[in-house]
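*Asks:* The structure that follows is given in the form of C-alpha cells.
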Amino acid sequence: MSMKAGAVCTLTLALLASHAAAAGNLTIGDVEHPPGCSKAAWAGIAQQLHQAAGERAPDRLEALARTYVCGEGTRAEQALLRAAPRFITQVLSGTGEDTTTRLVESRGTIAPHAGRAWDTTVRDDHPEVSLSFFVDEACVHGAAFRPFGSGWMLVRVEDACD
Numbered sequence: 001m002s003m004k005a006g007a008v009c010t011l012t013l014a015l016l017a018s019h020a021a022a023a024g025n026l027t028i029g030d031v032e033h034p035p036g037c038s039k040a041a042w043a044g045i046a047q048q049l050h051q052a053a054g055e056r057a058p059d060r061l062e063a064l065a066r067t068y069v070c071g072e073g074t075r076a077e078q079a080l081l082r083a084a085p086r087f088i089t090q091v092l093s094g095t096g097e098d099t100t101t102r103l104v105e106s107r108g109t110i111a112p113h114a115g116r117a118w119d120t121t122v123r124d125d126h127p128e129v130s131l132s133f134f135v136d137e138a139c140v141h142g143a144a145f146r147p148f149g150s151g152w153m154l155v156r157v158e159d160a161c162d
C-alpha cells in the first residue's frame, strides 16, 4: 500500500469512527463508567494505543481501533472487513461454561460497536495489541490487532458474559 493510500485509509477510518452515537454512562454496581468514545476517554485510549504500537504505524492502529469501538454502519463495517483476514479467531465464554475458541468467517462476525463501549483497556501482547471493554453490565468484549505490512489487521474477537 502506498503512503497516499495509507493516509486515505487512515482518514477514512477516522471519519467513520467520528460519526459514532454518543453513549451515556454505564452503571455497574455503584460504579459509573463514562463512554469510551467520549473525547476525553478516547484521548487516553489513543495514547495507550500509540505507546503499544511503538514505531509500528500507531496512527493506523488508532484509526482501526476507533472504527471498531466507535464507528457504526455499513461503511465502518466494510472498513473493518478490509482490515481483517477472511477468517478470524473468535473466543466465547460465559460464567460456568467452557471457553470456546474457533475460526470463523470475518463477514458476519466483525461489526463496529457504535460507541457502545465503556471502561476500555489496552494491552500490549507483542506483537499484537488488544482492547477490551464492557458492552453492557454483564458482557466484556475484546479484539486483537496484529501488525501487517504497513498497517494493522483485526485478527481476534472475544466475548465473555456473566
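When we follow UniProt numbering, the leftmost residue of the sequence shown carries the number 1, and every step to the right adds one. Idealized CB from N, CA, C, for every residue including glycine. As the structure is a prediction and not an experimental result, all values here were calculated from the model.
In whole angstroms, what is the alpha-carbon distance linking Thr100 and Leu92?
*Replies:* If I take the Cα positions, the gap works out to 5 Å.
*Asks:* Are Pro35 and Ala41 closer than 8 Å when you measure CB to CB?
*Replies:* Yes. Within cutoff.
*Asks:* Where in the region 83-153 do unbroken runs of the beta strand (DSSP E), each at least 3 residues long, occur, reported from the N-terminal end onward?
*Replies:* Within the region 83-153, the complete beta strand (DSSP E) runs of at least 3 residues are 87-94, 100-105, 118-125, 128-134, 139-148.
*Asks:* According to DSSP, simplified to helix, strand and coil, what is Ala21?
*Replies:* Annotation note: pLDDT 41 at Ala21 (below 50); position unreliable, coordinate value reported separately. Of the three classes helix, strand and coil, the one that applies to Ala21 here is coil, per DSSP.
*Asks:* Tell me where the alpha helix (DSSP H) around Glu62 begins and ends.
*Replies:* Its alpha helix (DSSP H) spans residues 58-70.
*Asks:* If Leu61 and Ala83 are in contact, beta carbons under 8 Å, what's the gap, nearest whole angstrom?
*Replies:* That pair is no contact at about 10 Å.
*Asks:* When burial is assigned at 16 or more other CB atoms within 10 Å of the CB, is Pro127 buried or exposed?
*Replies:* Exposed, because fewer than 16 other Cβ atoms sit within 10 Å of the Cβ of Pro127.
*Asks:* Have a look at Ile28 and Asp162 and give me their C-alpha separation to the nearest angstrom.
*Replies:* In a straight line, the C-alpha of Ile28 is about 13 Å away from that of Asp162.
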